[in-house]
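In what follows, a single structure is set out as structure tokens and then discussed.
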Amino acid sequence: MLSKFITPGCKLELQAVSRIGGEDKETAKKVYTSQVYGIISEDRMEIAMPMEQTKLILLPVDGEYDVVFYGRNNNMYQCFVRIIDRYKSNNAYILVVEMTSNLRKFQRREYYRFSCALEMCARPLMEEEVKAVEQKESYFLTPGLPLKRSVIVDISGGGLRFMSDQQYEPESLIYCNYHLVNENENTECEIVGKILSARELENKKGTYEHRVQYVNMGAGEREKIIKYIFEEERKNLRREKG
Numbered sequence: 204m205l206s207k208f209i210t211p212g213c214k215l216e217l218q219a220v221s222r223i224g225g226e227d228k229e230t231a232k233k234v235y236t237s238q239v240y241g242i243i244s245e246d247r248m249e250i251a252m253p254m255e256q257t258k259l260i261l262l263p264v265d266g267e268y269d270v271v272f273y274g275r276n277n278n279m280y281q282c283f284v285r286i287i288d289r290y291k292s293n294n295a296y297i298l299v300v301e302m303t304s305n306l307r308k309f310q311r312r313e314y315y316r317f318s319c320a321l322e323m324c325a326r327p328l329m330e331e332e333v334k335a336v337e338q339k340e341s342y343f344l345t346p347g348l349p350l351k352r353s354v355i356v357d358i359s360g361g362g363l364r365f366m367s368d369q370q371y372e373p374e375s376l377i378y379c380n381y382h383l384v385n386e387n388e389n390t391e392c393e394i395v396g397k398i399l400s401a402r403e404l405e406n407k408k409g410t411y412e413h414r415v416q417y418v419n420m421g422a423g424e425r426e427k428i429i430k431y432i433f434e435e436e437r438k439n440l441r442r443e444k445g
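Add 203 to a position in the sequence shown, counting from 1, and you land on the number used in the numbering used here.
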């Protein structure tokens, strides 16, 4: 799988995956450029240690990174990796990385979308809440209003897609509440989303598919979602490997 799309010499970008107690925010946001040095196996490769100007960047062993490759035929691919070794070979400084997710096709400016089945409750925002969101002010969510149950079918750092028996109007703002649960924690997410599209499923009348973009989401909330996706991808890969 790996060698079919990625070859030595391919350019790549690495960005640290935020971890609790890990790197500071500025370091976590830093994007490093490098290239593939060699393919070891279908889930391991050597990459050149990145440099800034003339300074070598010593990325840590056990560090976890989101990597985008510029592969064959001008296609871009993405996966998560963990650094398992680093050394010098023939005057080249090398990082050995192991894939912790599957390799997937990637389009610039899009967040990776993770397929899932997460329960969610949602409702349209009240008029005063909409005004506060539009003015980027802190807003108060009126308690006790009825919420409709739905199911998130994919999620990313930029938005989500969900199914519901209620149709929400495109361009409207909704309140969404859901939990991200993994082996280590249970994180409640309360977000405001903008409905980008809504359509009734042809094979299931009365069920509507909605695409949502987050509105005014803070960096901390977005990092929680990306971290959850990373952990779930890593768990799925371990399961596939047996």
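Ideal Cβ positions, reconstructed from N, Cα and C, are used throughout, including at glycine.
Being a predicted model, the structure only gives us computed values, none of them experimental.
Return the chain-ordered list of same chain residues with a C-beta closer than 8 Å to the C-beta of LYS207, the five sequence neighbours on each side being excluded. For this step, residue 207 is matched to residue 4 along the sequence shown. In its chain, beyond the 5 residues on either side, no residue has a beta carbon closer than 8 Å to the beta carbon of LYS207.
Just grab the DSSP bridge partners of MET254 for me. Locating residue 254 in the sequence shown gives position 51, counting from the first residue. For MET254, which the question treats as bridged, DSSP gives the partners LEU259.
Let me know the beta strand (DSSP E) ranges lying completely inside the stretch 279–356, each 3 residues or longer, listed in chain order. If we require 3 residues or more, the beta strand (DSSP E) runs fully inside the stretch 279–356 come out as 279–292, 295–302, 307–309 and 317–327.
If you follow the alpha helix (DSSP H) that ASN406 is in, where does it begin and where does it stop? In the sequence shown, the residue the question calls residue 406 occupies position 203. Per DSSP, ASN406 belongs to no alpha helix (DSSP H) and is neither H nor E.
In this structure, does DSSP put ASN387 in helix, strand or coil? Along the sequence shown, one-based indexing puts residue 387 at 184. Residue state for ASN387 is assigned as coil, using DSSP reduced to three classes.
For TYR371, which three-state DSSP category applies? One-based indexing of the sequence shown puts residue 371 at position 168. TYR371: coil per DSSP, three-state reduction.
Using the C-alpha atoms, what's the distance from PRO253 back to VAL198? Here the chain comprises residues numbered 204 to 445, so residue 198 is not present and cannot be evaluated.
Does the separation of the CB atoms of SER237 and LEU215 fall below 8 Å? One-based indexing of the sequence shown puts residue 237 at position 34. One-based indexing of the sequence shown puts residue 215 at position 12. Going by C-beta atoms, SER237 is nearer than 8 Å to LEU215.
Extent of the continuous alpha helix (DSSP H) to which ARG437 belongs: Here residue 437 refers to the residue found at position 234 when the sequence shown is read from its first residue. That run of the alpha helix (DSSP H) goes 422–444.
If you count every other CB in all the chains shown that lies within 10 Å of the CB of TYR431, and 16 or more means buried, which is it? Locating residue 431 in the sequence shown gives position 228, counting from the first residue. Buried, because 16 or more other Cβ atoms sit within 10 Å of the Cβ of TYR431.
Cutting at 8 Å between CB atoms, please list the residues of its own chain near THR210, excluding the five before and the five after it. By one-based count along the sequence shown, residue 210 stands at place 7. So the qualifying residues of the chain are VAL239, ILE242, GLY274 and ARG275.
In three-state DSSP terms, what is ASN277? Taking the first residue of the sequence shown as 1, we reach residue 277 at position 74. In the structure shown, ASN277 sits in a helix (DSSP, three-state: H, G or I).
Report the residue from LYS438, LEU298 and GLU267 whose alpha carbon sits nearest the alpha carbon of ARG285. Locating residue 285 in the sequence shown gives position 82, where the first residue counts as 1. Among LYS438, LEU298 and GLU267, the Cα nearest to that of ARG285 is on GLU267.
Identity of the residues DSSP links to TYR235 by a beta bridge: By 1-based counting over the sequence shown, the position of residue 235 is 32. Answer is LEU217, bridged to TYR235.
Given that a residue counts as buried once 16 or more other Cβ atoms are within 10 Å of its Cβ, and exposed if not, what is GLN338? Here residue 338 refers to the residue found at position 135 when the sequence shown is read from its first residue. Counting the other Cβ atoms within 10 Å of the Cβ of GLN338 gives fewer than 16, which makes it exposed.
Beta-carbon proximity check, VAL449 vs VAL336, cutoff 8 Å: No answer is possible for residue 449: the residues shown for the chain start at 204 and end at 445.
Determine the burial state of GLY225: buried for a count of at least 16 other Cβ atoms within 10 Å of its Cβ, exposed for fewer. Working through the sequence shown from its first residue, we reach residue 225 at position 22. Bear in mind that a pLDDT of 45 at GLY225, under 50, signals an unreliable position, so the model cannot answer this.
Distance between PRO327 and PRO349 (C-alpha atoms, nearest Å): Position 146 of the sequence shown, counted from the start, is the residue given in the question as residue 349. Position 124 of the sequence shown, counted from the start, is the residue given in the question as residue 327. PRO349 and PRO327: Cα-Cα distance of roughly 10 Å.
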